[in-house]
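Below is one structure, written out as structure tokens; the observations come after it.
Number of protein chains: 2
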Amino acid sequence: MSAGSRVHPVAEHQDTVRALLADSLQQRVRQRSLVEAAGRILAGDVTAPRSLPPFANSQMDGYAVRSAELAGPDGSTVELQAAAPIPAGAAAPALRPGTAAPIMTGAMLPAGADAVVPIERAQPDSFFDPADLAGARVLLPRGVPAGQFVRTAGSDIPSGTRALAGGTLLGPAQLGLLAALGIAAVPVLAPVRVMLLSTGDEVVEPGQDLAPGQIHDANTTLLAASLRDAGAEVVRSRILADSPADFRSALRDELSSGRADLVVTTGGISKGAYEVVRLALEAEGVEFFSVAMQPGGPQGAGRVDGVPFLAFPGNPVSALVSFEVFLRPALTALTGLPRPRPALSAVLDETADSPEGKLQVRRGLFRNGRVGMVGGPGSHLVHALAESNALVLVPEGTGRVEAGSEVTVWLLE
Amino acid sequence: MSAGSRVHPVAEHQDTVRALLADSLQQRVRQRSLVEAAGRILAGDVTAPRSLPPFANSQMDGYAVRSAELAGPDGSTVELQAAAPIPAGAAAPALRPGTAAPIMTGAMLPAGADAVVPIERAQPDSFFDPADLAGARVLLPRGVPAGQFVRTAGSDIPSGTRALAGGTLLGPAQLGLLAALGIAAVPVLAPVRVMLLSTGDEVVEPGQDLAPGQIHDANTTLLAASLRDAGAEVVRSRILADSPADFRSALRDELSSGRADLVVTTGGISKGAYEVVRLALEAEGVEFFSVAMQPGGPQGAGRVDGVPFLAFPGNPVSALVSFEVFLRPALTALTGLPRPRPALSAVLDETADSPEGKLQVRRGLFRNGRVGMVGGPGSHLVHALAESNALVLVPEGTGRVEAGSEVTVWLLE
Numbered sequence: 108m109s110a111g112s113r114v115h116p117v118a119e120h121q122d123t124v125r126a127l128l129a130d131s132l133q134q135r136v137r138q139r140s141l142v143e144a145a146g147r148i149l150a151g152d153v154t155a156p157r158s159l160p161p162f163a164n165s166q167m168d169g170y171a172v173r174s175a176e177l178a179g180p181d182g183s184t185v186e187l188q189a190a191a192p193i194p195a196g197a198a199a200p201a202l203r204p205g206t207a208a209p210i211m212t213g214a215m216l217p218a219g220a221d222a223v224v225p226i227e228r229a230q231p232d233s234f235f236d237p238a239d240l241a242g243a244r245v246l247l248p249r250g251v252p253a254g255q256f257v258r259t260a261g262s263d264i265p266s267g268t269r270a271l272a273g274g275t276l277l278g279p280a281q282l283g284l285l286a287a288l289g290i291a292a293v294p295v296l297a298p299v300r301v302m303l304l305s306t307g308d309e310v311v312e313p314g315q316d317l318a319p320g321q322i323h324d325a326n327t328t329l330l331a332a333s334l335r336d337a338g339a340e341v342v343r344s345r346i347l348a349d350s351p352a353d354f355r356s357a358l359r360d361e362l363s364s365g366r367a368d369l370v371v372t373t374g375g376i377s378k379g380a381y382e383v384v385r386l387a388l389e390a391e392g393v394e395f396f397s398v399a400m401q402p403g404g405p406q407g408a409g410r411v412d413g414v415p416f417l418a419f420p421g422n423p424v425s426a427l428v429s430f431e432v433f434l435r436p437a438l439t440a441l442t443g444l445p446r447p448r449p450a451l452s453a454v455l456d457e458t459a460d461s462p463e464g465k466l467q468v469r470r471g472l473f474r475n476g477r478v479g480m481v482g483g484p485g486s487h488l489v490h491a492l493a494e495s496n497a498l499v500l501v502p503e504g505t506g507r508v509e510a511g512s513e514v515t516v517w518l519l520e
Numbered sequence: 108m109s110a111g112s113r114v115h116p117v118a119e120h121q122d123t124v125r126a127l128l129a130d131s132l133q134q135r136v137r138q139r140s141l142v143e144a145a146g147r148i149l150a151g152d153v154t155a156p157r158s159l160p161p162f163a164n165s166q167m168d169g170y171a172v173r174s175a176e177l178a179g180p181d182g183s184t185v186e187l188q189a190a191a192p193i194p195a196g197a198a199a200p201a202l203r204p205g206t207a208a209p210i211m212t213g214a215m216l217p218a219g220a221d222a223v224v225p226i227e228r229a230q231p232d233s234f235f236d237p238a239d240l241a242g243a244r245v246l247l248p249r250g251v252p253a254g255q256f257v258r259t260a261g262s263d264i265p266s267g268t269r270a271l272a273g274g275t276l277l278g279p280a281q282l283g284l285l286a287a288l289g290i291a292a293v294p295v296l297a298p299v300r301v302m303l304l305s306t307g308d309e310v311v312e313p314g315q316d317l318a319p320g321q322i323h324d325a326n327t328t329l330l331a332a333s334l335r336d337a338g339a340e341v342v343r344s345r346i347l348a349d350s351p352a353d354f355r356s357a358l359r360d361e362l363s364s365g366r367a368d369l370v371v372t373t374g375g376i377s378k379g380a381y382e383v384v385r386l387a388l389e390a391e392g393v394e395f396f397s398v399a400m401q402p403g404g405p406q407g408a409g410r411v412d413g414v415p416f417l418a419f420p421g422n423p424v425s426a427l428v429s430f431e432v433f434l435r436p437a438l439t440a441l442t443g444l445p446r447p448r449p450a451l452s453a454v455l456d457e458t459a460d461s462p463e464g465k466l467q468v469r470r471g472l473f474r475n476g477r478v479g480m481v482g483g484p485g486s487h488l489v490h491a492l493a494e495s496n497a498l499v500l501v502p503e504g505t506g507r508v509e510a511g512s513e514v515t516v517w518l519l520e
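Residue numbers (our numbering), protein chains in the order written: chain A, 108 to 520; chain B, 108 to 520.
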């Protein structure tokens, strides 16, 4: 191996991946309806086109009043004529002096009114039949401050101010705000389109029969689900044949469609004699090397026809760890998606050895501040991976972690 | 109000909602491909149809050997004839005595071989050209234990044992395991289908113009996004007119299609004079009452034509809090989706008053173990909601929480 003799520190390769994507990733902006915008990143600031609330309205079911007419000592009452109720969804007629208008929560405060008396404090304490208001009079308590139980226009957000900042992740609350503002569509960052290629003559699609020596492809499923969880779009997940020339030409064909922002391969990059990805792309300027990490040591990074290219090793656990340690944080940093993994400190249940010169990433089960290892360090242990809910990080420079010591875990769920 | 005079404790209404769904929710099982099964709950145990690994294979690039031929003192070597390399994805021919077969990571161990010597420990320490093996000999170290660098068949999971338990949430790792086992489709719980109905004459769809007194509907967007995040399917989100008879007949029409497992309405259930949901359904056996919670006090629950029915209040924050406190935990308990909200203890930044007889749910910004309130307690403050990342819970019986005291927060992100 040429460029492969130096072992790259984990942090260096993290920087490499991030810089590669920062230089080459095309961030596309698309106008999307609120339903389609869910879970995506807002591509620019949104200014409130109107105030919220759009008009002064009642916070309670009760009577809209002129507070000046209810001035006077607490404990005494004033009798007012009951006006027609204010219907929801309509402009309220102005409140005539000497009257109190039945008003429901959220209904527009009539001109002239500046306070609301809750129905519970009125006598009678239930509303009159709207069909029979002739001569209806209501007793209301004096001493009502102006503004009582009134939601003033713009008290949540005034028109013309920034409602949401560009870069905001659009969850239910943010989408609800946009809807309340009357906005039906917003510009969002389009998903990063990842071309996912699984290599290896021994690899067969799930659902197909196995010949001796063959295995089912777990990487495509595992990484495609991880990428989709991370907000990316998986545009292709073909299994390519184990010939460098075939691989190169198939990859070029795929890239010519312009549908991929990033290519990720699994397998074919270690020191073996038949490493198709390395053999196909080493001469094209993609670099292949070892990173001080276990599993996931063999890595490749570069560009193919200008498109960022990452090569992960072929064992499922190695592929997942590569994604979690290198690609996922770079996507978060550059696109705002996905959210960073919660990194927690946990007390280790059992003593574990680790290769001192490498970051070791084990699978663990985290519960109530403690973590136990699930399965051994082997990168083929996909059942153990499926039984775990965390990655356990044993840093470079540590040859052994004792039971009861603190380790960092990344929660996978 | 008839049944509405008693204030229901929060825990009682949580139990009511859970029991209502437990009695009436139809859990449907569907066979789904691995892509479609992502994020869903496995409907039954999955037994491994084969072992993983399916055959003994090499953990390293190196030479497959008979360890007995390499017995002897450490430090000395033995010379063996280099056999033809073992291709990946094929049945390996048996290893002839006196030979060592080049083998790549993951390739099948040949019959007769029981250990692997890494290429780095061989002389020469790179593989021969496969086209030029005549007379090729390799020096290998003695003292190789049987089983060295061999992944035995079934060491991750043996055929016939349980691979995944029913009720498991299918994330990337679990889907990867299923793929590795060759399983292309699995039975999963279908999403709960929720019919979402927003009421109110004052309510207008986002994107449409507002007449005076009208507001844009935020609830449908807010709750639909929340429900989808929680793994549910939103089958309908119509805004119905403010007439009890129209509401009742429209609801019956919708329910007759059989497409809803649950109906959720917003608005129309408080003490006002024109409360369409209450007026339409009180006589049908749906109960309406107050819960000791702010916001979200008015609630309704029951069945309409046998379908579970929940009525939430109409302000956006009240609707969201109702979902988070009552419906979301019930869905988690009964269907396994969504994951429970992380409940954390946080130090409160500022002193806050709370109605002593109620659970108060405020919006907050949680950072590094501290939480500050965002906006006031008003249930219309949807901009404040969009700026928050947590709900802050001030329990019943607490009239004031002091700055610096510990409160419980539910992380919304």
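Glycine residues also receive a C-beta, built at the ideal position from the N, C-alpha and C atoms.
Chain A within 7 Å of residue i, Cβ atoms only
i: Met108(B); result: In this prediction, Met108(B) scores a pLDDT of 40, lower than 50, which makes its location untrustworthy; no coordinate-derived value is stated.
i: Leu444(B); result: no
i: Pro402(B); result: no
i: Pro423(B); result: yes
i: Asp168(B); result: yes
i: Thr515(B); result: no
i: Leu188(B); result: Leu is not the amino acid found at residue 188(B); the sequence shown has Gln there. Not closer than 7 Å to any Cβ of chain A, the Cβ of Gln188(B) fails to qualify, so no.
i: Val489(B); result: yes
i: Thr526(B); result: Lying outside 108 to 520, the shown extent of chain B, residue 526(B) is not represented and no answer is given.
i: Leu533(B); result: Chain B is shown only over 108 to 520; residue 533(B) falls outside these bounds and no answer can be derived.
i: Lys378(B); result: yes
i: Ala352(B); result: no
i: Ile148(B); result: no
i: Arg244(B); result: no
Proximity below 7 Å, CB of residue i to CB of residue j
i: Leu247(B); j: Ala229(B); result: yes
i: Leu472(B); j: Ser486(B); result: no
i: Val384(B); j: Ala418(B); result: yes
i: Pro402(A); j: Ser425(A); result: yes
i: Val142(B); j: Ala189(B); result: no
i: Arg300(A); j: Arg366(A); result: yes
i: Thr327(B); j: Leu358(B); result: no
i: Pro217(A); j: Ala150(A); result: no
i: Gly464(B); j: Ile148(B); result: no
Sequence-distant residues of its chain with Cβ nearer than 7 Å to residue i (five each side left out)
i: Ala270(B); result: Val153, Thr154, Ala155, Ile264, Leu284, Leu288
i: Gly111(B); result: Confidence is the limiting factor: at Gly111(B) the pLDDT is only 48, short of 50, which leaves the residue's position unreliable, though a coordinate-based value still follows. Once the five neighbours on either side are set aside, the close Cβ partners of Gly111(B) are Phe395, Phe396, Ser397.
i: Ala129(A); result: Leu441
i: Pro116(A); result: Ala399
Other residues of its chain near residue i: CB distance less than 8 Å, five sequence neighbours each side excluded
i: Pro252(B); result: Ser174, Ala222
i: Gly392(A); result: Gly409, Arg410
i: Ser233(B); result: Ile226
Close-in-space but distant-in-sequence residues of the same chain around residue i (CB under 6 Å, 5 per side omitted)
i: Pro225(B); result: Met167, Gly169
Rounded distance between the beta-carbons of residue j and residue i, thought under 8 Å
i: Val501(A); j: Ala459(A); result: 7 Å
i: Ala453(B); j: Arg477(B); result: 6 Å
i: Gly479(A); j: Glu509(A); result: Between Glu509(A) and Gly479(A) the Cβ distance is about 14 Å, and since that is not below 8 Å, they are no contact.
i: Ala238(A); j: Met215(A); result: About 22 Å separates the two Cβ atoms, so there is no contact after all.
i: Val489(A); j: Leu159(B); result: 7 Å
i: Pro405(A); j: Pro420(A); result: 5 Å
Cβ of residue i within 7 Å of any chain B Cβ
i: Thr458(A); result: no
i: Met215(A); result: yes
i: Glu340(A); result: no
i: Asp239(A); result: no
i: Ala197(A); result: yes
Count the C-beta pairs between the stretch 321-335 of chain A and the stretch 272-289 of chain B that are closer than 8 Å, then say yes if the count reaches three, no if not. yes
Would you check if there are 3 or more beta carbon pairs closer than 8 Å linking the stretch 203-216 of chain B to the stretch 137-146 of chain B? The stretch 203-216 of chain B, when compared against the stretch 137-146 of chain B, does not touch it at the 8 Å Cβ threshold.
Pairing CB atoms from the stretch 355-366 of chain A with CB atoms from the stretch 311-322 of chain B, are three or more of them under 8 Å? no
Check whether the stretch 253-262 of chain B touches the stretch 178-188 of chain B, taking contact to mean three or more Cβ pairs, one atom from each stretch, closer than 8 Å. No, the stretch 253-262 of chain B is not in contact with the stretch 178-188 of chain B.
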